[in-house]
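> Before I ask anything, let me first share the structure, which is written out below as structure tokens.
Numbering (UniProt numbering), first residue to last: 1 to 193.
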């Protein structure tokens, strides 16, 4: 069932929060990730399997009931995890949905996660199963427009260079700005030729 706000278009024009989070996974986000995963995968034990695999920890065999035990275990595991492992878990959840041929659930998971990121100033975006750098709204519009233009005109090399530029900006712990500029210029050069 579609929510009230989505049915009537409330919140559709919400101004994105300024990006204030890059190298952190706030506690509220960790909880929302578990909620979204439970909605998508239907039960906490499926989420626990993924989270334990990502964190390389053993599931608590004493927890056998989905709610509250396994759900609480997953929340505690993610609450105690390093920030970057939380994002690894988000990618792994998406991947598991795709692997199980639950493409609609994967799309819903991605959309809801990205909406949360925008509303709460988290500078990441889940795109085709990978978390990528998300810049200010003007930057994002320019990148999408450029990518659409090079793709539309069948400039494969230019599109590839533009993709590499974005990957360079997404590198952590330090973005490769020099590489991003070089790849962006290479993309421009491909189009100019």
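We treat Cβ as the ideally placed atom computed from N, Cα and C, and that holds for glycine.
This one's a predicted model, so the numbers in the text were calculated from it and none came from an experiment.
On the DSSP bridge assignment, give the partners of residue 78 in chain order.
Numbered from 1 along the chain shown, position 78 holds the residue referred to as residue 78. Bridge partners of residue 78: none, in fact.
> Kindly indicate which residue of 69, 39 and 148 has the alpha-carbon position closest to the one of residue 112.
Locating residue 112 in the chain shown gives position 112, where the first residue counts as 1. Measuring from the Cα of residue 112, the nearest candidate turns out to be 39.
> Per DSSP, which one or two residues make a beta bridge with residue 122?
Here residue 122 refers to the residue found at position 122 when the chain shown is read from its first residue. Answer is 21.
> Assuming residue 78 contacts residue 51 under a Cβ cut-off of 8 Å, what Cβ separation, rounded to an integer in Å, is found between them?
Taking the chain shown and counting its residues from 1, the one referred to as residue 78 is at position 78. Taking the chain shown and counting its residues from 1, the one referred to as residue 51 is at position 51. Their Cβ separation, rounded to whole angstroms, is 6 Å, which keeps residue 78 and residue 51 in contact under 8 Å.
> Which value, in whole angstroms, describes the spacing of the CA atoms of residue 133 and residue 166?
Taking the first residue of the chain shown as position 1, residue 133 is located at position 133. Taking the first residue of the chain shown as position 1, residue 166 is located at position 166. When rounded, the distance between both Cα atoms is 7 Å.
> With distance defined between alpha-carbon atoms, name the residue in 37, 127 and 174 nearest to residue 23.
As a first step, residue 23 is located in the chain shown; it is residue number 23 there, counting from the start. The option with the nearest alpha carbon to residue 23 is 174.
> Okay, do the stretch 141-160 and the stretch 60-80 touch, 3+ Cβ pairs below 8 Å being the bar?
Judged by Cβ distances under 8 Å, the stretch 141-160 makes no contact with the stretch 60-80, as fewer than three pairs qualify.
> Counting along the chain, where does the beta strand (DSSP E) carrying residue 128 start and finish?
To locate residue 128, count along the chain shown from 1; it is residue 128. Taken as a continuous stretch (DSSP letters only), residue 128 belongs to no beta strand (DSSP E), as it is neither H nor E.
> What is the rounded straight-line gap between the Cα of residue 137 and the Cα of residue 161?
Reading the chain shown from its first residue, position 137 is the one you call residue 137. Reading the chain shown from its first residue, position 161 is the one you call residue 161. Distance between the alpha carbons of residue 137 and residue 161: 21 Å.
> Return yes when the Cβ of residue 150 is within less than 8 Å of the Cβ of residue 118, no when it is not.
Residue mapping note: residue 118 aligns to position 118 of the chain shown, counting from 1. Residue mapping note: residue 150 aligns to position 150 of the chain shown, counting from 1. Against a cut-off of 8 Å, the Cβ pair of residue 150 and residue 118 comes out as no contact.
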